[in-house]
Amino acid sequence: MTFFEIRHLSISFGGLRALNDICFEVQKGEIFAIIGPNGAGKTTLFNCINGIYRPEEGEILFKDQQLERKRPDKVARLGIARTFQNIELFRHMNTMENIMLGRHNHLKTGLFHGAFMWGKRSFAGKEETKHRRRVEEIIDFLDLHAVRNQIVAALPYGVQKVVELARALATEPELLLLDEPCAGMNSEEKQDMIFWIKDIQDLLGITILLIEHDMNMVMDISDRILVINFGRTVTQGSPDMVQKHPEVIRAYLGEDMEVGSHP
Amino acid sequence: MLNFLQMIVNGMAAGSTYALMGLAMVIIYKTTEVPNFTQGEMALLSSYLTYMFLDQYGVPYHVVFPAALVFAFVLGCVLEFVVLRRAKEPNILGMIVITIGLEMILMGFVSWKFGADQKTMPFPITPYDSVVIGKVFISTLELLTMGMVLLLMTGLFVFLRYSKLGIAMKATQQNDVAARLMGIRTDRIRMATWGISSTVGCTAGLLISSIVMQPYMMWDPLLKGFAAAVMGGMTSLPGAVFGAYMLGIIENLFGGYISIEFKSVVAFAIIVLVLCVKPSGLFARHYVKKV
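Line by line, the protein sequences give chains A and B. Residue 47 in the numbering used here sits at position 47 of the first sequence, with consecutive numbering throughout. Residue 467 in the numbering used here sits at position 204 of the second sequence, with consecutive numbering throughout.
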């Protein structure tokens, strides 16, 4: 059984072939990066996995289940979480509430139990305590104590990205899709984010699919890389292999740029 | 002075029905940002069917009224599922037009089926019984309406703020895509919203039809309820109730002291003034967009 696999995936919008015959496999526990120029179809690929778009051809398999016809909430329930390139938080709620919403699938309290929440000993009370404790762990892990009661719309951009990551973790995913987690961050925030992504892989054992433009970061943390351009696969393999591929250098990195060197 | 107090009480009584309609509108607006103009006619249909069962089939009250509320819930869900959800790439303007169209269809149906003449709904409490508090008269029906408003407002407030479904509704409104990725079935949420809102509207319809019953009976409460909700910020339940009471009281005072013909006009003039000073409404939390 492969953990996650995409077979011959294609989708078009009008006349534009946004994804064309994409195939790849992701092993459990690895960090798999997807790179490519702007408009290459990376985010479209994520949207297909999440069920926001319906692909025209091809299959998406997650632990032997087909995802390509499933609704987004169903996909989420199977254990796939996601963060967005342009932050998609519940803007008028505070950090804690946002992360708690990540627990939605795990909360069993219905209307009846909720109406009879008398103190901490009741069913609803125990549930609430349990989930709040889990959220506290995530807040601890991502160092969000300072902003836990603040409305997220008022937080700095970099912190909002971390809150989004926290919310994704709160759903307890097995596969985490990160869409440009470091975009727009300063170098310090970027360092933190890289550490957290590695910790998520090592400590929590979550498999990560990553879209990122920062080449140093991608080459540093990914186990394997898929390069796409104009919706087609250019190449895939280990960071070393990908860096040496002539088409990658031409299409994405620029003719005369040396990968890995700081400007 | 006594006259003044009496007028305020009457104004609050009138405001209560506006408040119920306002609450119903706020619930739908909160999750979908669509002002639902079908609201009144959904309540109208439920009320007329209640009338039919009471008057023609002689079903007892304690069966008919709960059944009416259940019917209203189902009606709301069905309308959402059959009509609104079918809208392809919906925008808010389109949705509003759909609700207006539905309003006309339901209104036409009721007029055709039951006739446009005035009827009276048999009701356990007559509008002519009244209690005297101090020296102020208030009819038992009005008292019941006020009680209903307070009960529903607190109930809905607690439900929306603390229950899992209520929070899911809030999430759906703020970010539909993200809500779906948290595992919330946003289409179900919207359906439930319509159901709940329709039930609240039905309560208003039943209470109104015990006084006067004809196909246009919901139009005035609907418009005033909507106006009250706008004044209260459109997303705030207490805001809608407060706005409705304000509207009822101002209207009645003006009608009593100055001119009865222009009493509705004044109420709307006040709303224009309020919105000039505080465009987001009295109770809306104002979110300043960061630039």
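Here a beta-carbon is modelled for each residue, glycine too, at the ideal position from N, C-alpha and C. These numbers were taken from a predicted model, which means no experiment stands behind them.
Residue from the options with nearest C-alpha to residue i
| i | options | result |
| --- | --- | --- |
| Ile87/A | Ser222/A, Val162/A, Asp73/A, Pro72/A | Val162/A |
| Ala442/B | Thr43/A, Arg103/A, Ala33/A | Arg103/A |
| Ala547/B | Ser522/B, Leu485/B, Ala503/B | Ala503/B |
| Phe517/B | Ile359/B, Gly511/B, Met264/B, Lys526/B | Lys526/B |
| Gln27/A | Asn38/A, Phe62/A, Lys42/A, Leu45/A | Phe62/A |
| Asp179/A | Ile138/A, Arg7/A, His106/A, Leu210/A | Leu210/A |
| Gly496/B | Leu265/B, Arg451/B, Met288/B | Met288/B |
| Met1/A | Glu25/A, Glu136/A, Asn20/A | Glu25/A |
| Glu405/B | Ile534/B, Leu286/B, Val537/B, Ser393/B | Ser393/B |
| His145/A | Ala153/A, Ala154/A, Val159/A | Val159/A |
| Asn105/A | Ala18/A, Met241/A, Val75/A, Phe123/A | Val75/A |
| Ser402/B | Val540/B, Gln269/B, Ala335/B | Gln269/B |
| Asp265/A | Gln191/A, Trp196/A, Ala124/A | Outside the modelled stretch of chain A, which goes from 1 to 263, sits residue 265/A, for which no answer is possible. |
| Val412/B | Asn266/B, Gly506/B, Pro385/B | Gly506/B |
| Leu423/B | Phe344/B, Pro353/B, Ala455/B | Ala455/B |
| Phe386/B | Tyr324/B, Phe267/B, Asp439/B | Tyr324/B |
| His213/A | Arg7/A, Asn38/A, Ala154/A, Met193/A | Asn38/A |
| Gly364/B | Gly378/B, Pro542/B, Asn299/B, Ala277/B | Asn299/B |
| Gly237/A | Arg132/A, Ile200/A, Phe32/A | Phe32/A |
| Phe334/B | Ala306/B, Ile355/B, Ile388/B | Ala306/B |
C-beta atoms of residue i and residue j nearer than 7 Å
| i | j | result |
| --- | --- | --- |
| Ile208/A | Leu176/A | yes |
| Gly339/B | Ser426/B | no |
| Ile99/A | Ala166/A | yes |
| Ala434/B | Phe90/A | yes |
| Lys293/B | Thr498/B | yes |
| Ser222/A | Pro239/A | yes |
| Asp21/A | Ser12/A | no |
| Phe316/B | Val322/B | yes |
| Gly488/B | Met358/B | no |
| Ala81/A | Pro156/A | no |
| Gln302/B | Gly429/B | no |
| Met445/B | Leu67/A | no |
| Pro390/B | Ile523/B | no |
| Leu545/B | Phe420/B | no |
| Lys42/A | Ile34/A | yes |
| Ala170/A | Ile138/A | yes |
| Ile471/B | Thr280/B | yes |
| Gly458/B | Phe336/B | yes |
| Asp73/A | Arg451/B | no |
| Glu59/A | Arg17/A | no |
| Met480/B | Val537/B | no |
Residues sharing a beta bridge with residue i, DSSP
| i | result |
| --- | --- |
| Val65/A | Residue identity check: residue 65/A is Gln in the sequence provided, not Val. Answer is Phe62/A, bridged to Gln65/A. |
| Asp179/A | Ile211/A |
| Phe4/A | Val26/A, Phe62/A |
| Asn229/A | Arg232/A |
| Ile80/A | Leu175/A |
| Gly237/A | Ile225/A |
| Met476/B | Lys382/B |
| Glu514/B | In the DSSP output, where bridge partners are listed per residue, Glu514/B has none listed. |
| Glu57/A | Ser10/A |
Contact set for residue i: own chain, Cβ-Cβ below 7 Å, skip 5 residues either direction
| i | result |
| --- | --- |
| Val551/B | Low confidence applies here, because Val551/B scores a pLDDT of 48, under 50, leaving its location unreliable and the question unanswered by this model. |
| Met275/B | Met409, Tyr508, Gly511, Ile512 |
| Ile566/B | With chain B covering only 264 through 554, there is no way to say anything about residue 566/B. |
| Asp318/B | Pro385 |
| Val529/B | Ile513, Glu514, Phe517 |
| Gly36/A | Lys42, Val227, Ile228, Asn229, Tyr252 |
| Val147/A | Thr95, Leu155, Val159 |
| Trp482/B | Gly303 |
| Ala490/B | Leu510, Phe531, Ile534 |
| Val248/A | Val227, Val234, Thr235, Val242 |
8 Å CB neighbourhood of residue i in its chain, flanking five on each side removed
| i | result |
| --- | --- |
| Ala40/A | Ile228, Asn229, Phe230, Gly231 |
| Ser374/B | Pro478 |
| Ile151/A | Arg91, His92, Met93, Asn94 |
| Val554/B | Bear in mind that a pLDDT of 45 at Val554/B, under 50, signals an unreliable position, so the model cannot answer this. |
| Thr295/B | Met358, Gln436, Arg453, Thr456 |
| Ile194/A | Cys182, Met217, Asp220, Ile221 |
Sequence-distant residues of its chain with Cβ nearer than 6 Å to residue i (five each side left out)
| i | result |
| --- | --- |
| Leu469/B | Ser310 |
| Gln477/B | Gln381 |
| Lys244/A | none |
| His262/A | Reliability of the predicted coordinates at His262/A is poor, the pLDDT of 48 falling under 50, and the value obtained from them is presented with this limitation in mind. No residues qualify anywhere along the chain. |
Output the residue ranges of the alpha helix (DSSP H) runs that lie fully inside the segment 368-437 of chain B and measure 4 residues or longer, sorted by chain position.
Runs found: 403-425, 427-437.
Write down every uninterrupted run of the alpha helix (DSSP H) in the segment 82-111 of chain A whose length is 4 residues or greater and which is fully enclosed by it, in chain order.
The segment 82-111 of chain A contains these whole alpha helix (DSSP H) runs: 95-102.
Threshold first: 4 residues or longer. Then list the alpha helix (DSSP H) segments lying entirely within the segment 119-174 of chain A, N to C.
If only complete runs of 4 or more residues are kept, the segment 119-174 of chain A shows the alpha helix (DSSP H) at 123-141, 157-170, in order along the chain.
Report the residue ranges of all beta strand (DSSP E) runs contained in full by the segment 7-54 of chain A; include only those spanning at least 3 residues, in chain order.
Look at the segment 7-54 of chain A and you find these whole runs of beta strand (DSSP E), each 3 residues long or longer: 16-26, 31-35.
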